[in-house]
Ligand code: UDP
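Residue numbers (the numbering used here): 10 to 269.
The following block contains the structure:
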């Protein structure tokens, strides 16, 4: 199957290799449980998600859910694995020039240096970490658009967390005239800078990456993982029993919100 439906989202069933071989232009989102929960409640997020050309599975829990539903996704492609793989794949492709947008002051710049050192060329041409609350400030957003437009970049990696990064892209994507590939990758810039530790591989592989992240940043993440995302299990059970009422994104505008 090319696409796997989990609740109201269709996830592309690609392997990482297939994705890298096919990816010439477009918007990539990396859905996880938290995104799917937000997609049940936040109509603006649903609208922003509709510009995603590629939606690849970021989460082992979604992998389990797809298996439970009888439509397994073939490979987990988390954002934090995708960026290093993308850079390696395009190591010698001079048309690929990346701009990093996100993380706290100075962090994106550190990530830029580390990636360029590892790849052996200036694959990341520029970076910017916007100030807290920037998305409310139109002048700051326009400034970001100008910085990106004058950077020579052809790829934008945006790491502001969901739903901020998807909503920002929805609003400003068309102003970014020279960007061909847009990737919304959450905390990946932090991981690349070495500012935040990634979960050990074994934890990600069995679906415990969330627990590792929760233990690292309990204050920020407890609500997300222990409160907001728990209904996911119940909703998947509803889907399995054909009781989940589908939201349809028609013309990016009208859809019904399923109440659970
Ligand atoms: N972030 C940011 N600006 C903001 C809010 C968040 O740069 O206004 C960054 C934050 O520093 C972190 C990332 O966005 O690097 C959020 O990561 P989160 O864990 O929420 O994303 P996930 O990987 O779970 O989607």
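No residue lacks a Cβ here, since even glycine has one placed at the ideal position from N, Cα and C.
- Residue 58 carries a helical assignment under DSSP once its states are collapsed to helix, strand and coil.
- In this structure, ligand 1 has a non-hydrogen atom nearer than 8 Å to the beta-carbon of residue 113.
- Selection 168, 156 and 75 evaluated against residue 186 yields 156 as nearest (Cα-Cα).
- Residue 176 and residue 141 have their C-alpha atoms spaced approximately 16 Å apart.
- As the crow flies, the alpha-carbon of residue 146 is around 11 Å from that of residue 153.
- By the Cβ criterion, the region 52-60 is not in contact with the region 25-32, since fewer than three pairs of Cβ atoms, one from each stretch, lie closer than 8 Å.
- The beta carbons of residue 163 and residue 123 sit no closer together than 9 Å.
- Per DSSP, the beta bridge partners of residue 35 are 190.
- Here the alpha carbon of residue 120 sits roughly 31 Å from the alpha carbon of residue 19.
- For the options 252, 250 and 243, the alpha carbon positioned closest to that of residue 45 is the one of 243.
- The region 188-200 and the region 85-95 touch, with three or more beta-carbon pairs separated by less than 8 Å.
- About 5 Å separates the Cβ atoms of residue 13 and residue 82, confirming a contact at the 8 Å cut-off.
- The three-state reading of DSSP puts residue 106 in coil, since its state is none of H, G, I, E or B.
- No heavy atom of ligand 1 is found nearer than 8 Å to the CB of residue 207.
- Pairing residue 94 with residue 199 gives a Cβ-Cβ distance that is not under 9 Å.
- Non-local C-beta neighbours of residue 173 in its own chain, meaning closer than 8 Å and more than five positions away in sequence, comprise 144, ordered along the chain.
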